[in-house]
Amino acid sequence: DQQVKQNSPSLSVQEGRISILNCDYTNSMFDYFLWYKKYPAEGPTFLISISSIKDKNEDGRFTVFLNKSAKHLSLHIVPSQPGDSAVYFCAASALFRNRDDKIIFGKGTRLHILP
Amino acid sequence: DTGVSQDPRHKITKRGQNVTFRCDPISEHNRLYWYRQTLGQGPEFLTYFQNEAQLEKSRLLSDRFSAERPKGSFSTLEIQRTEQGDSAMYLCASSLGGGSYEQYFGPGTRLTVT
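Residue numbers (this note's numbering), protein chains in the order written: chain E, 1 to 115; chain G, 116 to 229.
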């Protein structure tokens, strides 16, 4: 049973436009959420995180939005650049409620930035 | 800071053989995690350590799998009597702990069991 769901296996976006990657979760105990980016033959690279006490966190071109009532989060990349082409993983943990920092990952969304 | 390193990067072995992987975390990171990733899936948690103590093991970690972190620094993951279903990317991550929760991943060890 997938606790973290990324329903879009792939997404293509024009360079310079906004990329929006979506993620849904089912476990109401999750209170800490992360996005990772992965290039082929490399391990995942941490991008940005958000705790459940916030609904938005911004870091440069990356913004994560959290809607707790809908159990939904999204990653916005503005503007999209060619180097953003990668697989993006949404991940969650019950870090604060359960003191459990093991991360549950979604299956990933492959982002293609088109020239 | 050299990041998390893993060795070897690739391992091909025959079914029934034992294999051992090594992970060197970022220095001063006291938490170390092992994950497994198969094609089309996200990484799946296997086990983690706080210093040398193994705090949790996933149901995915069968009796053929054992992990150690003897001095609280590097860790090893051993798979005994490998099976074809063990073919995967084995990822190691570390975190500082103590209020810093981001996990930083190594490049992984790709295991192929023939």
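For each residue, glycine too, the CB sits at the ideal point set by N, CA and C.
E/G108 and E/K5 closer than 7 Å at C-beta: Stepping through the first sequence from its first residue, residue 108 of chain E is reached at position 108. Stepping through the first sequence from its first residue, residue 5 of chain E is reached at position 5. In this structure, E/K5 does not lie closer than 7 Å to E/G108 by Cβ.
Residue-chain proximity (G/P158, chain E), Cβ-Cβ < 7 Å: The residue given as residue 158 of chain G occupies position 43 in the second sequence. By this cut-off, G/P158 is an interface position.
G/L175 versus G/R146: straight-line alpha-carbon distance, rounded: The sequence position of residue 175 of chain G within the second sequence is 60, counting from 1. The sequence position of residue 146 of chain G within the second sequence is 31, counting from 1. If I take the Cα positions, the gap works out to 20 Å.
CB contact below 7 Å: E/P79 versus chain G: If you number the first sequence from 1, residue 79 of chain E lands on position 79. E/P79 does not count as touching chain G.
Three-way DSSP call (helix, strand, coil) for G/G212 in this model: Position 97 of the second sequence, counted from the first residue, corresponds to residue 212 of chain G. In this structure, G/G212 counts as strand in the three-state DSSP scheme.
Residue-chain proximity (G/G187, chain E), Cβ-Cβ < 7 Å: Locating residue 187 of chain G in the second sequence gives position 72, counting from the first residue. It does not: the Cβ of G/G187 has no partner Cβ on chain E nearer than 7 Å.
DSSP beta-bridge partners of G/I127: Counting from one through the second sequence, the residue named residue 127 of chain G turns up at place 12. In the DSSP output, where bridge partners are listed per residue, G/I127 has G/T227.
The region 99-111 of chain E: positions lying closer than 9 Å to chain G by Cβ: D100, D101, K102, I103, I104, F105, G106, K107, G108
Coarse secondary structure for E/I84, derived from DSSP in three states: Within the first sequence, residue 84 of chain E is the residue found at index 84, counting from 1. One point to set straight first is that residue 84 of chain E is Asp, not Ile, in the sequence displayed. In the structure shown, E/D84 sits in a helix (DSSP, three-state: H, G or I).
E/R97 versus G/S190: straight-line alpha-carbon distance, rounded: For the purposes of this step, residue 97 of chain E is taken as residue 97 along the first sequence, with counting starting at 1. For the purposes of this step, residue 190 of chain G is taken as residue 75 along the second sequence, with counting starting at 1. Rounded to whole angstroms, E/R97 to G/S190 spans 28 Å at the Cα level.
Every unbroken alpha helix (DSSP H) inside the region 133-218 of chain G [4 residues or more]: none
Within 7 Å of chain E by C-beta, residues of the region 163-180 of chain G in sequence order: Y163, E171
Inter-stretch contact at 8 Å, needing at least 3 Cβ pairs: the region 22-41 of chain E / the region 194-214 of chain G: no
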